[in-house]
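> Mind having a look at this structure? Questions to follow.
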């Protein structure tokens with residue numbers, strides 16, 4: 864069964880304190896792994912797509928990496944405005960997205 | 608990125624009434640759109656896949672007579688929650704993929720049934 868597990872469930876960081884979020888997955892035929900940011904009461908906002916192991920993508924303070932079993936979202940020197948829930952999703956050859964439960968990140972000044 | 612607009616953002620309705628939620632792709636055509644439901648602090652759960660010009664495909668356990676989906680044009684899909692009950696209260700989100708790659712999501716609709 865296709866499955867996505869994110870950890871930690873919640874993360875509190877001091878401004879400037881770098882950290883990583885984990886997304887472990889099992890899927891029969893990975894088409895892509897996606898990272899989204901979701902603010903309270905809003906729909907998910909697209910961040911990255913990763914397609915193959917070893918791939919990396921960066922956007923401002925965020926960097927996403929992918930292995931055959933997991934993905935990491937590294938946050939470098941976070942700011943309070945980075946506070947949000949970060950969702951990971953995988954897409955198998957069925958085209959459906961399977962989401963993890965997310966990591967709620969809080970960054971304090 | 609592509610823009611998907613969802614309306615309304617919040618709705619309160621009485622038990623037994625029906626509510627329609629619209630999902631529009633503003634700058635691209637979408638033959639397929641997806642409808643999700645999200646419970647507090649939970650993951651997005653796919654409810655159904657909306658197909659332009661044909662019947663929607665529902666996920667296991669989703670009542671198709673309760674959640675009516677219509678995809679009448681290449682830019683509009685609607686979800687109607689029929690005979691709503693308090694247990695239908697939730698956050699509903701739609702998505703579409705402009706080039707069959709990444710999905711872009713609407714703003715979500717908070718439905719409260721009283």
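Residue numbers (the numbering used here), protein chains in the order written: chain A, 864 to 972; chain B, 608 to 721. Ideal placement from N, C-alpha and C gives every residue a C-beta, glycine not left out.
1) Taking the CB atoms as reference points, tell me whether residue 934 (chain A) and residue 969 (chain A) lie closer together than 8 Å.
2) Look at residue 630 (chain B) and residue 715 (chain B) and say whether their C-beta atoms are less than 8 Å apart.
3) Rank B:655, B:651, B:683, B:698 by C-alpha distance to the C-alpha of residue 641 (chain B) and give the top, closest one.
4) List the residues of chain A that residue 722 (chain B) touches, going by C-beta distances under 7 Å, in chain order.
5) Exposed or buried, what is residue 633 (chain B) when buried is set at 16 or more other beta-carbons lying within 10 Å of its beta-carbon?
6) Kindly indicate if chain B contains any beta-carbon less than 8 Å away from that of residue 879 (chain A).
7) So with CB distances below 8 Å, who are the chain B contacts of residue 871 (chain A)?
8) Ignoring anything shorter than 3 residues or poking outside the stretch 868-903 of chain A, list the beta strand (DSSP E) runs there in chain order.
9) Grab the span of the beta strand (DSSP E) containing residue 667 (chain B) for me, first residue to last.
10) Return helix, strand or coil for residue 933 (chain A), following the three-state DSSP convention.
11) I'd like the span of the beta strand (DSSP E) that includes residue 635 (chain B), first residue to last.
12) For chain A, check one thing: does any of its Cβ atoms lie closer than 8 Å to the Cβ of residue 660 (chain B)?
13) 8 Å is my cut-off, CB to CB: does residue 700 (chain B) come that close to chain A?
14) Mapping the DSSP letters down to three states, classify residue 944 (chain A) as helix, strand or coil.
15) Could you tell me the alpha carbon to alpha carbon distance between residue 907 (chain A) and residue 964 (chain A), rounded to whole angstroms?
16) Can you tell me whether DSSP reads residue 921 (chain A) as helix, strand or coil?
17) Below 9 Å on C-beta distance, what does residue 710 (chain B) contact in chain A?
18) Measure the beta-carbon distance from residue 966 (chain A) to residue 869 (chain A) and round it to whole angstroms, keeping in mind my assumption that it falls under 8 Å.
With the structure as the only source:
1) Taking the first chain and counting its residues from 1, one reaches residue 934 (chain A) at position 71. Taking the first chain and counting its residues from 1, one reaches residue 969 (chain A) at position 106. Not in contact: residue 934 (chain A) and residue 969 (chain A) (Cβ atoms no closer than 8 Å).
2) Indexing the second chain from 1 puts residue 630 (chain B) at position 23. Indexing the second chain from 1 puts residue 715 (chain B) at position 108. Residue 715 (chain B) is positioned such that its CB atom lies no closer than 8 Å to that of residue 630 (chain B).
3) The residue given as residue 641 (chain B) occupies position 34 in the second chain. With distances taken between Cα atoms, residue 641 (chain B) lies closest to B:655.
4) With chain B covering only 608 through 721, there is no way to say anything about residue 722 (chain B).
5) By one-based count along the second chain, residue 633 (chain B) stands at place 26. With fewer than 16 other Cβ atoms within 10 Å, it is exposed.
6) Numbered from its first residue, the first chain carries residue 879 (chain A) at position 16. So no, residue 879 (chain A) is outside the interface.
7) In the first chain, the residue the question calls residue 871 (chain A) occupies position 8. Within chain B, no residue comes near residue 871 (chain A); the closest Cβ sits about 13 Å away, beyond 8 Å.
8) Secondary structure in the stretch 868-903 of chain A: the beta strand (DSSP E) runs of 3 residues or longer, each lying completely within the stretch, are 873-877, 882-889, 893-901 in chain order.
9) The sequence position of residue 667 (chain B) within the second chain is 60, counting from 1. Unbroken run through residue 667 (chain B): none, as it is neither H nor E.
10) Mapped onto the first chain, residue 933 (chain A) falls at position 70. Note: residue 933 (chain A) maps to strand in three-state DSSP.
11) Sequence index remark: in the second chain, residue 635 (chain B) carries index 28 (1-based). Per DSSP, residue 635 (chain B) belongs to no beta strand (DSSP E) and is neither H nor E.
12) Residue 660 (chain B) sits at position 53 when you count from the first residue of the second chain. False, the Cβ-Cβ gap to chain A never drops below 8 Å.
13) In the second chain, counting from the first residue as 1, residue 700 (chain B) sits at position 93. Contact of residue 700 (chain B) with chain A is assigned, a C-beta pair being separated by under 8 Å.
14) In the first chain, the residue the question calls residue 944 (chain A) occupies position 81. Three-state DSSP puts residue 944 (chain A) in a helix.
15) Sequence index remark: in the first chain, residue 907 (chain A) carries index 44 (1-based). Sequence index remark: in the first chain, residue 964 (chain A) carries index 101 (1-based). In a straight line, the C-alpha of residue 907 (chain A) is about 13 Å away from that of residue 964 (chain A).
16) Start at 1 with the first residue of the first chain, and residue 921 (chain A) comes out as number 58. Residue state, collapsed to three classes: strand.
17) The residue labelled residue 710 (chain B) in the question sits at position 103 within the second chain. Near residue 710 (chain B) (Cβ distances below 9 Å), the residues of chain A are 897, 899, 907, 909, 952, 954, 960.
18) In the first chain, counting from the first residue as 1, residue 966 (chain A) sits at position 103. In the first chain, counting from the first residue as 1, residue 869 (chain A) sits at position 6. About 5 Å; that satisfies the 8 Å criterion.
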